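Per numbering that gives the first Met the number 0, residue 0 is the first one in the sequence shown, and the count goes up by one each step.
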Amino acid sequence: MFKILILCITMLISQFSYAQNITTSHAIALRGEPKYAADFKHWDYVNPKAPKGGYLTTATIASFDNFNRYAQRGSAAPNSTKFYDSIMVTNADEDSVYYCLVCTSVSYPDDYSWISFKLDPSARFQDGVPLTAADITFTFEKFMTQGVNQFAKTFAGVSGEIISEHEVKFILPKKDKDFMLSLVDLPIFPKHYWHDKNLADPLIEPPMGSGAYQLTDYKMGQYVIYQRNSDYWAIDHPTNVGLLNFDFERVDIYKDTTVMLEAFKKGEFDFRSESDSKLWATTYQGKNFDAAYIKREQIANDTPRAMRGFIFNTSRELFKSAKVREAIGLMFDFEWTNKKLFYSADSRSYSYLQNSAYMARGIPKGRELEILETFRAQLPNRLFTTEYNPPVSDGSGRLRKQSRQAIKLLQEAGWQLKSGKLYNRQNQAFKFEIMLWRAIDERYVIPFQKNLARIGIELSIRTIDIAQATNRLRERKYDMMIHQMGGGVHPSSSFKYYFHSKFIDSTYNSTGYTSQLTDLLIDKIMQNQQNMPELKAYGMALDRVLLWQFLVIPQWYNQYYRVAYWDKFSRPATKPKYALGFSTWWYDANKAEQLPKRNAIN
């Protein structure tokens with residue numbers, strides 16, 4: 000009997016081992032196979048012989064008071080993610096494909112119940128201390144216990160295990176490849192530095208890291224200077240070849256866009272990517288452009304975009320009604336705004352998955368319709384009969400038709416016009432505030448404000464600095480703001496942070512909106528990341544459901560990267576598929592010699 004029992008156990012172990020087919024590789028793709036083989040030398044879109052050197056200065060409208068990107072109060076310095084390497088990295092040519100950086104190989108079973116990494120023994124922190132498995136498990140626990148609550152919710156049930164000094168394993172409660180991949184780009188903290196610090200607290204000194212750049216100079220709230228570490232352990236790693244080309248990278252902080260752009264034209268900084276069509280049309284000119292010291296380019300950009308727009312905080316009682324939200328959206332005149340303020344250069348956004356294959360265009364059909372039919376009673380009838388499009392005006396600025404439609408919707412929602420003002424049944428006036436952190440946005444918000452006044456709504460505009468705005472965003476203390484949500488080549492699990500009830504407290508959920516239906520659709524998106532027909536059907540269904548909730552008043556996007564730069568850079572002939580690729584550029588000493596002396600070296 001004992002021999003039979005042993006034989007049975009042996010057979011079970013054998014069957015289990017057979018079932019656990021283990022993949023060990025240099026890379027993981029969520030879908031299909033990685034583009035780059037194990038012996039790849041560099042990404043296709045870089046120049047592997049790009050020279051190292053030079054001083055890059057950029058600028059931003061921002062504020063900072065600490066150096067901890069993961070702190071839960073305060074504002075971190077720009078580019079503060081540069082401090083840390085991650086276990087694996089992506090590239091700008093592929094979607095959801097990860098390659099080893101700190102690891103030399105990654106292993107996982109075919110049921111995705113665990114993932115392990117063999118670490119590169121040469122990996123070091125910036126002080127020369129070896130990077131080990133203990134640092135990775137420490138980092139994970141640090142995020143679980145002191146990070147934002149969405150991290151702990153996402154990875155509940157995951158446990159890290161040190162196999163050896165250079166091997167670490169994570170046991171996963173969900174047997175799901177997409178979930179497994181959410182661990183691979185974990186930044187790595189040095190345990191010997193962070194052990195007595197709280198991740199939730201701001202750091203007033205630059206932290207020890209593992210990345211290529213160290214912060215060597217700064218003035219709090221004014222500028223930071225990063226210097227490439229001459230002893231960086233991974234400078235010749237295939238994922239870094241042709242990148243990390245500047246010796247120094249400086250970021251200057253400005254409070255005002257006009258002041259910042261004038262500084263650029265004088266040579267105070269080197270490179271500017273411009274999203275504002277009016278500024279692009281009117282500001283990027285002058286003697287240094289005429290002399291060809293500054294180059295001005297438009298480069299085609301057909302990458303998928305997020306939904307950018309006026310965000311309603313639906314946790315406010317005022318915005319609980321979709322009819323109210325739709326009515327307010329009718330009073331934003333995109334056509335007039337685009338013509339008068341943006342030189343007709345922008346395109347209207349109409350999807351949370353703009354420019355992707357997953358936009359909800361037309362009316363629902365096929366599998367998407369089958370999915371939505373199950374929930375017909377919860378959905379507006381027009382979702383099934385009418386293609387969603389934001390309202391279109393004649394561009395005159397009068398909005399007579401839209402005003403009538405808006406007033407009708409507001410009346411249906413319980414509001415009445417009295418002496419030119421809207422009041423509800425409790426005789427409370429309809430008034431709300433929009434939070435801005437860029438004064439330049441006021442120029443198109445003010446006409447919106449005037450349009451709302453025509454139907455009896457009082458909109459107040461409050462422009463505050465970005466530090467205050469960040470704090471109010473964290474606490475959801477706003478009525479409306481300008482923000483963006485969604486996006487991606489494919490509908491991804493990141494939608495859970497924007498709209499899933501489990502993550503209602505996430506700072507990404509700026510609308511405060513959740514529903515059982517959106518929960519279900521997001522769950523299905525997460526479950527079908529490798530089933531492309533189902534992913535498309537559920538992605539389009541989610542996009543359509545969200546659009547007809549009028550959570551956002553869509554703004555616009557541009558079909559180009561618009562860049563201006565002092566002519567001291569060169570770049571590869573090939574642009575990456577999903578990015579501008581500025582990280583591949585390098586300082587060109589020959590070009591720099593042709594510039595006025597100051598601009599050649601700054």
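Glycine included, each C-beta is placed from N, C-alpha and C at the ideal position. All figures in this text were calculated on a predicted structure; none of them were measured in a lab.
From the DSSP output, in three-state form, read off residue i for me.
i, result
"A290", "coil"
"M306", "strand"
"L458", "strand"
"Y357", "coil"
"H191", "helix"
"Q297", "strand"
"R403", "helix"
"F431", "strand"
"I5", "Note that I5 scores 38 on pLDDT, short of 50, meaning its location in the model is unreliable and no value can be drawn from it."
"Y83", "coil"
"N244", "coil"
"W279", "helix"
"M0", "Confidence at M0 is low in this model, with a pLDDT of 38, below 50, so its placement is unreliable and the value that follows should be read with caution. DSSP places M0 in coil when its eight states are reduced to three."
"Q529", "coil"
"Q515", "helix"
"Q448", "helix"
Within 10 Å of its beta-carbon, does residue i have 16 or more other beta-carbons around it, so buried, or fewer, so exposed?
i, result
"S274", "exposed"
"F1", "At F1, the pLDDT of 33 sits below 50, so the modelled position is not reliable and the matter cannot be decided from this model."
"N337", "buried"
"K495", "buried"
"V323", "buried"
"Y342", "exposed"
"N148", "exposed"
"I454", "buried"
"I162", "exposed"
"T153", "buried"
"M306", "buried"
"H194", "exposed"
"T238", "buried"
"G413", "exposed"
Taking only the alpha-carbon atoms, compute the straight-line gap between residue i and residue j and give it to the nearest angstrom.
i, j, result
"I445", "S62", "25 Å"
"Q226", "P205", "13 Å"
"M179", "I187", "17 Å"
"W279", "A405", "34 Å"
"A49", "H499", "44 Å"
"R424", "L416", "11 Å"
"Y577", "P490", "16 Å"
"Q607", "G241", "Outside the shown range of the chain (0 to 601) lies residue 607, about which nothing can therefore be said."
"E411", "K265", "56 Å"
"I234", "A211", "7 Å"
"L260", "S346", "24 Å"
"L545", "E166", "43 Å"
"T22", "K277", "52 Å"
"K339", "Q554", "15 Å"
"K286", "A262", "14 Å"
"S106", "A26", "9 Å"
"T59", "E369", "47 Å"
"T302", "A591", "32 Å"
"D602", "G159", "Shown here, the chain extends from 0 to 601; a query on residue 602 therefore has no answer."
Excluding the 5 residues preceding and the 5 following residue i in the sequence, name in chain order all residues of the same chain whose CB lies nearer than 6 Å to its CB.
i, result
"T618", "Here the chain has residues from 0 to 601 only, and residue 618 is not among them."
"Q297", "Y559 and R561"
"K294", "Y564 and D566"
"A359", "M539, D542 and R543"
"A28", "V96"
"K523", "Y537"
"D230", "none"
Using C-beta distances below 7 Å, list every residue in its chain close to residue i, excluding the 5 sequence neighbours before and after it, in chain order.
i, result
"P571", "Y44, V45, N46 and T583"
"D177", "L29, S492, M525 and Q528"
Within a Cβ cutoff of 8 Å, which residues of the same chain sit near residue i, ignoring the five residues on either side of it in sequence?
i, result
"P189", "F124, D126, V128, L130, D134, M207, G208 and S209"
"N197", "Q145"
"P595", "G266 and Y292"
"E432", "L458, S459, I460, R461, Y477, D478 and M479"
Closer than 9 Å, CB to CB, is residue i near chain C or not?
i, result
"Y35", "The chain inventory of the structure shown lacks chain C, comprising one protein chain alone."
Review point. Pairing CB atoms from the segment 87-94 with CB atoms from the segment 565-583, are three or more of them under 8 Å?
Key: Remark: three or more beta-carbon pairs, one from each stretch, lie closer than 8 Å, so the segment 87-94 and the segment 565-583 are flagged as touching.
Check your understanding: With a cut-off of 8 Å, do at least 3 Cβ pairs link the segment 492-506 to the segment 318-335?
Key -> Per the Cβ contact rule, the segment 492-506 is not in contact with the segment 318-335 (fewer than 3 Cβ pairs under 8 Å).
Point to revise | Sufficient close CB pairs (3 or more, under 8 Å) joining the segment 101-117 to the segment 167-177 | key: In short, these stretches touch, since the Cβ pair count reaches three.
**Study point:** At least 3 beta-carbon pairs within less than 8 Å: the segment 241-259 vs the segment 217-232
**Key:** Taking a contact to require three or more Cβ pairs closer than 8 Å, the segment 241-259 and the segment 217-232 qualify as touching.
Review point. So does the segment 310-318 actually touch the segment 473-487, counting three or more Cβ pairs closer than 8 Å?
Key: Short answer: they touch.
Exercise for review: Would you check if the segment 444-461 and the segment 513-531 touch, i.e. whether three or more CB-CB distances between them fall below 8 Å?
Suggested key: No: the two stretches stay apart, fewer than three of their Cβ pairs being nearer than 8 Å.
Review point. Should the segment 418-438 be called in touch with the segment 384-400, which here means at least 3 C-beta pairs below 8 Å?
Key: Output reads no: the segment 384-400 does not touch the segment 418-438.
Review point. Touch check for the segment 78-88 and the segment 452-471: three-plus C-beta pairs under 8 Å?
Key: By the Cβ criterion, the segment 78-88 is not in contact with the segment 452-471, since fewer than three pairs of Cβ atoms, one from each stretch, lie closer than 8 Å.
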